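The listed protein sequences correspond, in order, to chains A and B. Just so you know, our numbering puts 347 at position 147 of the first sequence, and the rest follows in order with no gaps. Just so you know, our numbering puts 350 at position 150 of the second sequence, and the rest follows in order with no gaps. Note that CB positions come from ideal geometry on N, CA and C, so glycine has one too. Source: prediction; values computed, not measured.
Number of protein chains: 2
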Amino acid sequence: MTSAKYDVLTIGNAIVDIIARAEDDFLVANDINKGAMNLIDAERAKLLYSAMGPAIEASGGSAANTAAGVASLGGSAAYFGKVADDHLGGVFAHDIKAAGVDFFTKPLDENPPTARSMIFVTPDGERSMNTYLGACVELGPEDIDSDMVAESSITYFEGYLWDPPRAKEAIRLAAEIAHNNGRQVSMTLSDSFCVDRYRDEFLNLMRSRTVDIVFANEAELKSLYQTSSFDSGIAAVREDCTLAVITRSELGSVVVTFEKTHVVEAIPAENLIDTTGAGDLYAAGFLYGLTHGMSDAECARLGGLAATEVIQQMGPRPQVRLADVAAEAGFQIKD
Amino acid sequence: MTSAKYDVLTIGNAIVDIIARAEDDFLVANDINKGAMNLIDAERAKLLYSAMGPAIEASGGSAANTAAGVASLGGSAAYFGKVADDHLGGVFAHDIKAAGVDFFTKPLDENPPTARSMIFVTPDGERSMNTYLGACVELGPEDIDSDMVAESSITYFEGYLWDPPRAKEAIRLAAEIAHNNGRQVSMTLSDSFCVDRYRDEFLNLMRSRTVDIVFANEAELKSLYQTSSFDSGIAAVREDCTLAVITRSELGSVVVTFEKTHVVEAIPAENLIDTTGAGDLYAAGFLYGLTHGMSDAECARLGGLAATEVIQQMGPRPQVRLADVAAEAGFQIKD
Chain A
201 MTSAKYDVLT IGNAIVDIIA RAEDDFLVAN DINKGAMNLI DAERAKLLYS AMGPAIEASG
261 GSAANTAAGV ASLGGSAAYF GKVADDHLGG VFAHDIKAAG VDFFTKPLDE NPPTARSMIF
321 VTPDGERSMN TYLGACVELG PEDIDSDMVA ESSITYFEGY LWDPPRAKEA IRLAAEIAHN
381 NGRQVSMTLS DSFCVDRYRD EFLNLMRSRT VDIVFANEAE LKSLYQTSSF DSGIAAVRED
441 CTLAVITRSE LGSVVVTFEK THVVEAIPAE NLIDTTGAGD LYAAGFLYGL THGMSDAECA
501 RLGGLAATEV IQQMGPRPQV RLADVAAEAG FQIKD
Chain B
201 MTSAKYDVLT IGNAIVDIIA RAEDDFLVAN DINKGAMNLI DAERAKLLYS AMGPAIEASG
261 GSAANTAAGV ASLGGSAAYF GKVADDHLGG VFAHDIKAAG VDFFTKPLDE NPPTARSMIF
321 VTPDGERSMN TYLGACVELG PEDIDSDMVA ESSITYFEGY LWDPPRAKEA IRLAAEIAHN
381 NGRQVSMTLS DSFCVDRYRD EFLNLMRSRT VDIVFANEAE LKSLYQTSSF DSGIAAVRED
441 CTLAVITRSE LGSVVVTFEK THVVEAIPAE NLIDTTGAGD LYAAGFLYGL THGMSDAECA
501 RLGGLAATEV IQQMGPRPQV RLADVAAEAG FQIKD
């Protein structure tokens, strides 16, 4: 394996978040699955926006947030994802490039428009997402830049990519290129409902070793193995991938390899505002650590630190430089 | 004077804010007046955006923030301001209506596009604005809905409206309608550089009693009277309007009438994040109080409370309901 140009390349649905506070009653009245990513069409997007309170807009997209997080820690990152050549597409491209991430995916000339997710943040800080995929449905193998994949230590993608029709072909191609170049492939299971939609395909990605490193939260792990027992989930995932990283919110995270299990404590959040981006930033911290020679436990602690930072603000990407936060917390971050 | 449909009607430049953190060096390198509102053209807007870090977007506009603040306190508010029929215009209209403010100003069909202000927030929390006025330049007397003015206890406008060419005609018309209906007219001096551009016209608005109530911060007051002495400024403004409200950041505020001067302490901010909207929300709290029978000192305290709330977050409008914040602080807020 030669040295890599990028620590982490991420691939995902390119989305701008529209974020507002809402009461739990609002979720019930509008038939929104709390804590989940709800897919919506253009008509429902219009309807929900008209019912939504005053909002702020911030670039999001799970894997894009992870790339921005890696860059914010001082790592080298790239991103593939599809926007349209419209206002929100310009905002998305500006923000990810301004975060220091290489992003060259060709935008769509016209319709459908850039994806957006209406995110309702309830008083408990939980976020419930309502995503109109728009231009994301056009991501395909033609958007995979082979050289960039070959030059990335880790190619990471989101399970959400199984929702648009052709992105899975893009992922299989990227995984093949990565492995042919001695690189690693990682995925996040994204959302327990998403796991429910694509359980067999996700298990197949893992068991075929298309994916080496899997990120999941407790609900996603349980959904994957259709078990109510966390320990059964851990035992099962140990057999199915090289490295599994399971996050448990305030209970911390668990790093699972064939030989070992590391349980790492969470870093408490003084002021929980909005959980949007927590898992994405955890992955960013972990992957930064992994590509910078940290131990599994250190990777998990850095992931926890990045997640704790992002949940203490509105929006999915930290507004402060994570390299500074990590250095202050005693991590050896190279500048 | 009959009872009013609206407590406060505000008129201003309808702007979407694009907010990012920046170091002081960035302001120097890009020739940005720190703490000020810098007017820019479309070309410079493009240039600055390309140099700007990752941003969030949030509806802004000084007087619009004030209207949203009045509504957030549970008051009745309306707004006049010009957007274009484009993406940002839709965002602006959504947010102000979702805040509970009546907003019916006809958008421009096409160019220029909706105004935007690139706001750089330095580590000290100070905001430096760079505003491309876009569609705002088309606001004119035809946008003044006479009935709405007649039905508003107070019509409030921003000094910034002297920058676009025809808005001052709209303001003179609105003031005439308001006074003919026994209502009051209020303005904010907006910005010390703005005062410098229109000093004589602002003084004339006050001395002709076109304006009854003036809001200013210390720098704007000093600029208005071209004095370095705060006390001289206070003495001068006492002669020039019925009620003057001077804000002094952490030193609190001073309420000045012909007979009296009230000095009211600030409410300390535990965690200063971004000063954007501080003056606008102060005015919201004060005007809510004034239209709900509070004493001058209570009005000033409520203004201070609303300002302290907004500077502890990113963005110009509080993400929490101000009526709740005020009730918790012991104010008698009717729901």
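Put simply, the region 387-399 of chain A does not touch the region 447-466 of chain A. Fewer than three CB pairs are less than 8 Å apart. At least one beta carbon of chain B lies nearer than 8 Å to the beta carbon of V291/A. Counted as a single uninterrupted DSSP element, the alpha helix (DSSP H) harbouring T266/B occupies residues 262-272. Distance from the Cα of S276/B is smallest, within the candidate group K282/B, G300/B, V510/B, G493/B, for G300/B. Under the three-pair Cβ rule at 8 Å, the region 374-384 of chain A does not count as touching the region 331-338 of chain A. Inside the region 449-511 of chain B, DSSP marks whole alpha helix (DSSP H) runs of 4 or more residues at positions 478-490, 496-510, from first to last along the chain.
For the pair of segments examined, the region 394-411 of chain A was found not to touch the region 304-312 of chain A: the number of CB pairs separated by less than 8 Å stays below three.
Pairing L481/B with E509/B gives a Cβ-Cβ distance under 8 Å.
Taking a C-beta distance under 8 Å as the contact criterion, G281/B and A268/B do not qualify as a contact pair. Scanning its chain for C-beta atoms nearer than 6 Å, with the 5 sequence neighbours on each side dropped, one finds around G515/A the residues A258, in chain order.
It is roughly 10 Å from the alpha-carbon of V414/B to the alpha-carbon of F402/B. Within the region 228-258 of chain B, the runs of alpha helix (DSSP H) that reach at least 4 residues and sit entirely inside it are, in chain order, 242-251.
Assignment of L339/B by DSSP, reduced to helix, strand and coil, places it in the coil class.
Against chain A, the beta carbon of H287/B has neighbours under 8 Å at D286, H287, L288, listed in chain order. In the same chain as I533/B, and ignoring 5 residues on each side of it, the C-beta atoms closer than 8 Å to its own belong to L273, G274, A523, A526, A527, in chain order. The Cβ-Cβ distance between P307/A and A284/A falls below 8 Å.
Each residue's CA atom was taken as its position, placing A204/B and G503/B some 22 Å apart.
DSSP places F226/B within a helical segment (H, G or I) once states are collapsed to three.
By the beta-carbon neighbour count (other beta carbons within 10 angstroms, threshold 16), S429/A is exposed. At least one CB of chain B lies nearer than 8 Å to the CB of A298/A. Taking 8 Å as the CB threshold, Y332/B stays off the interface with chain A. For the pair V456/A and A435/A, the Cα-to-Cα distance works out to about 9 Å.
Scanning N213/B, V291/B, D207/B, V437/B for the CA closest to the CA of P365/B turns up N213/B.
Taking 4 residues as the minimum length, the alpha helix (DSSP H) runs contained wholly in the region 343-371 of chain A are 346-350, in order along the chain. For S259/B, a Cβ of chain A is located within less than 8 Å of the residue's own Cβ. Bounds of the alpha helix (DSSP H) holding R399/A are 392-407.
Only H294, D295, A298, A299 from the region 294-320 of chain A bring a Cβ to less than 7 Å from some Cβ of chain B. A Cβ-Cβ separation of about 6 Å places Y249/B in contact with M318/B under the 8 Å criterion. Distance from R221/B to V321/B at the Cβ level is roughly 5 Å; contact confirmed, criterion being Cβ atoms closer than 8 Å. Ranking Y398/B, V291/B, N230/B, A278/B by CA distance to the CA of E351/B puts A278/B first. For D412/B, the three-state secondary structure derived from DSSP is coil. According to DSSP, L333/A shares a beta bridge with no other residue. Straight through space, the alpha carbons of T475/B and V228/B are spaced by roughly 19 Å. Taking C-beta atoms as the reference points, S386/A and Y356/A count as a pair closer than 8 Å. Distances from the CA of A466/A to each of G382/A, S353/A, I511/A, M494/A were compared; the closest alpha carbon is that of I511/A. In the structure shown, S432/B falls within a helical segment according to DSSP collapsed to helix, strand and coil.
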